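See below for the structure under consideration.
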């Protein structure tokens, strides 16, 4: 078995042809074989890459790394040939043909570790070399970048790539926390002079080198925008006596378990198989494009792959939900609910996961997920179609027969006045769509059953069902039954169940109430209203004591001029016989038509309020007769019970410019002066 394999190497053919194409050849199969190894299942991936060469390296660095790895970790292939280890000739990117395994004792997390080595192409073309560093960064989690104090163009271009990649991430990121696309970068400054190495504190020294060197400081600034963590190390010339000691410390710092960093995309740690998918996606770009893909292309490819992975993961969860719930499936009718619940859970999960890309892309991928779930659902449902049809048909026949029997029994019990039994049956029916059938069938069969039907409606368990029954009756019962319906509506609205109802249920009852004729509303609910004469557009009010007829009778007028805002309100008080009392709100005096002895003349009867406040006889009662005038205006006549005369505002003569007299018309006919508008 080879100790290493080339993943990304210089292509002699392309070089010879001088084509405008990335000057590399790719072989991903050996990597695929490693990552799909059974021992790598579900392991998170750590990829450590050395980018660039050391002086007279000849794989010396990698040999030292392998000595450390085989001494401290188990591996898949157990090559354990570090003493005689020979890497493939480094001309691009090579990978050790082994995966090192680490299980974290405290958490139980399992990791697989890959070692990657890269070096400039032999042609030393800056563009090609920056490609090596770019690819190495995209597919690794820890990069050890070897640099001199003189920064080469390929290193600058490589880090500019990471900066631009990070800018795309930041632009699209909708999260409150900052997301950096790459994990860990270690700058290794090589070939330092002896006097340099004598400076105190390696980290401080190296940072000082970056600070004083313009080009290095630029790299440092770019790196901090792109990587979660940036470290600095230094290495003397290979000829120095302490070179090996220094190198060993660097390797320990790089490869110790507490220094491992997993490869992440959009903050999600990748398993070996997920990682392989991204590598394949990146290298597919080389085959599909005529030149090296730019930063945006790599970013969009990452966005697409990350979202596709999330779609695949969500689909897998959907299938798990579906099949786990099918085990307890008792009724085939539940299948759409199982799908709907599973779909809602998956979409909820999908929307909470942090995704790469902008909101437009998020919407696009969510639509793709939805379509794939629907396809899965249809496929799953089709697989069971024969069973579905058989069970659904059987269930439907049974369901219809049972429902029909319960409805007929409910109707029979209502007709027999067995209200409790009927209510219990409808509770079992539990289908509000059947309320109309029950109500309509009973009433149309025999309208005299209205009182029994209303008792059934009032006793229904659900107040919304009661409201629906009232609404149905309001639409088709005979006019003579509207008053008793209104009374039942009012009584229900006074019960505790209505007080505990939700806003939608209360609105149902308020709508029923408002749909009654104003006359019925006033007779049933009463209320406080202003009475405005339609003909003169003047409000009815009682005058002050100076206008009293005597000590018991207060004169009543409509106001021709001036404001009667505080005196125009009257209470409408329904009585059990269909009439109302009209009592002034502030004075608490009842409106009434006086006897013949107090008549104004042979045609007009005086109307007063009764100052003693007690009610004496039917002349205090009024009947409200509503007459629709237009779709928006309801006219009302006030007819006195005792004298059967209509109340009106007189056109002439008026006592003064402010007041208009009011009477009842003793001839028992009416005209426009008798129309009143109730403003309640």
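Numbering (UniProt numbering), first residue to last: 1 to 680.
Glycine included, each C-beta is placed from N, C-alpha and C at the ideal position.
Since we're looking at a predicted model, the values are computed, not measured.
Quick one, are the C-beta atoms of residue i and residue j less than 8 Å apart?
| i | j | result |
| --- | --- | --- |
| residue 465 | residue 495 | no |
| residue 694 | residue 189 | For residue 694 there is no data in the structure shown, the boundaries of the chain being 1 and 680. |
| residue 114 | residue 99 | yes |
| residue 275 | residue 26 | no |
| residue 51 | residue 133 | yes |
| residue 422 | residue 414 | yes |
| residue 97 | residue 30 | yes |
| residue 638 | residue 624 | yes |
| residue 68 | residue 251 | yes |
| residue 482 | residue 678 | no |
| residue 222 | residue 160 | yes |
| residue 545 | residue 649 | no |
| residue 226 | residue 182 | yes |
| residue 520 | residue 486 | yes |
| residue 542 | residue 609 | yes |
| residue 554 | residue 571 | no |
| residue 479 | residue 552 | no |
| residue 418 | residue 517 | no |
| residue 508 | residue 556 | no |
Just the C-alpha distance for residue i and residue j, rounded to the nearest angstrom, thanks.
| i | j | result |
| --- | --- | --- |
| residue 354 | residue 266 | 7 Å |
| residue 366 | residue 279 | 24 Å |
| residue 660 | residue 653 | 8 Å |
| residue 468 | residue 601 | 53 Å |
| residue 62 | residue 269 | 26 Å |
| residue 360 | residue 314 | 19 Å |
| residue 674 | residue 585 | 22 Å |
| residue 687 | residue 319 | The requested residue 687 is not part of the displayed model; the chain covers only 1 to 680. |
| residue 201 | residue 66 | Because residue 201 carries a pLDDT of 45, less than 50, the predicted location of this residue cannot be relied on, and no value is offered for it. |
| residue 484 | residue 567 | 33 Å |
| residue 197 | residue 131 | Confidence at residue 197 is low in this model, with a pLDDT of 44, below 50, so its placement is unreliable and the value that follows should be read with caution. Each residue's Cα considered, the two are about 32 Å apart. |
| residue 443 | residue 410 | 14 Å |
| residue 362 | residue 6 | 37 Å |
| residue 450 | residue 471 | 14 Å |
| residue 123 | residue 92 | Low local confidence applies: a pLDDT of 44 at residue 123 is under 50, so the model's placement there is unreliable, with the coordinate-based value given in what follows. When rounded, the distance between both Cα atoms is 11 Å. |
| residue 83 | residue 295 | Residue placement at residue 83 cannot be trusted, given a pLDDT of 49 that sits under 50; the coordinates are not used to answer. |
| residue 231 | residue 147 | 13 Å |
| residue 668 | residue 407 | 52 Å |
| residue 593 | residue 440 | 44 Å |
| residue 173 | residue 163 | 15 Å |
| residue 73 | residue 143 | 20 Å |
| residue 40 | residue 48 | 17 Å |
| residue 438 | residue 401 | 16 Å |
| residue 14 | residue 242 | Residue placement at residue 14 cannot be trusted, given a pLDDT of 40 that sits under 50; what the coordinates show is reported in the next sentence. Roughly 43 Å separates the two Cα atoms. |
| residue 261 | residue 351 | 27 Å |
| residue 420 | residue 488 | 18 Å |
| residue 574 | residue 617 | 15 Å |
Let's see if you can read the secondary structure: which residues bound the beta strand (DSSP E) around residue i?
| i | result |
| --- | --- |
| residue 179 | Looking at the DSSP string, residue 179 is not in any beta strand (DSSP E), and its letter there is neither H nor E. |
| residue 142 | 142-147 |
| residue 580 | 580-584 |
| residue 527 | 527-533 |
| residue 606 | 604-610 |
| residue 29 | Residue 29 -> not in any beta strand (DSSP E); alpha helix (DSSP H) instead, spanning 29-35. |
| residue 705 | A query on residue 705 cannot be resolved here, the shown segment of the chain reaching from 1 to 680 and no further. |
| residue 100 | 100-103 |
| residue 92 | 92-96 |
For the alpha helix (DSSP H) that residue i lies in, which residues bound it at each end?
| i | result |
| --- | --- |
| residue 316 | 295-326 |
| residue 660 | Careful: residue 660 lies outside any alpha helix (DSSP H), inside the beta strand (DSSP E) at 659-665. |
| residue 492 | 482-493 |
| residue 441 | 435-445 |
| residue 336 | 334-352 |
| residue 469 | 463-476 |
| residue 452 | 450-459 |
| residue 60 | 60-72 |
field: Contact between the stretch 456-465 and the stretch 421-437 (3+ Cβ pairs under 8 Å)
entry: Taking 8 Å as the limit for Cβ pairs, the verdict is that the stretch 421-437 does touch the stretch 456-465.
query: Is the stretch 517-535 touching the stretch 494-508 in the sense that three or more CB pairs, one from each, lie closer than 8 Å?
result: Note that the stretch 494-508 does not touch the stretch 517-535; fewer than 3 beta-carbon pairs, one per stretch, sit closer than 8 Å.
query: Of all the alpha helix (DSSP H) runs that stay within the bounds of the stretch 497-578, which reach a length of 4 or more residues?
result: For the stretch 497-578, whole alpha helix (DSSP H) runs of length 4 or above, ordered along the chain, are 503-515, 518-525.
message: With a threshold of 8 Å, are at least 3 pairs of Cβ atoms found where one atom belongs to the stretch 590-605 and the other to the stretch 640-653?
response: Segments in contact, yes.
task: Taking only runs that begin and end inside the stretch 372-436, name each unbroken alpha helix (DSSP H) of 4 or more residues, in chain order.
output: Within the stretch 372-436, the complete alpha helix (DSSP H) runs of at least 4 residues are 385-415, 419-429.
message: Suppose only complete runs of 4+ residues qualify. What are the alpha helix (DSSP H) ranges in the stretch 209-288, listed by chain order?
response: Complete alpha helix (DSSP H) runs here, min 4: 214-226, 243-255, 272-288.
message: Three or more C-beta pairs under 8 Å: does that hold for the stretch 335-346 against the stretch 287-307?
response: No: the two stretches stay apart, fewer than three of their Cβ pairs being nearer than 8 Å.
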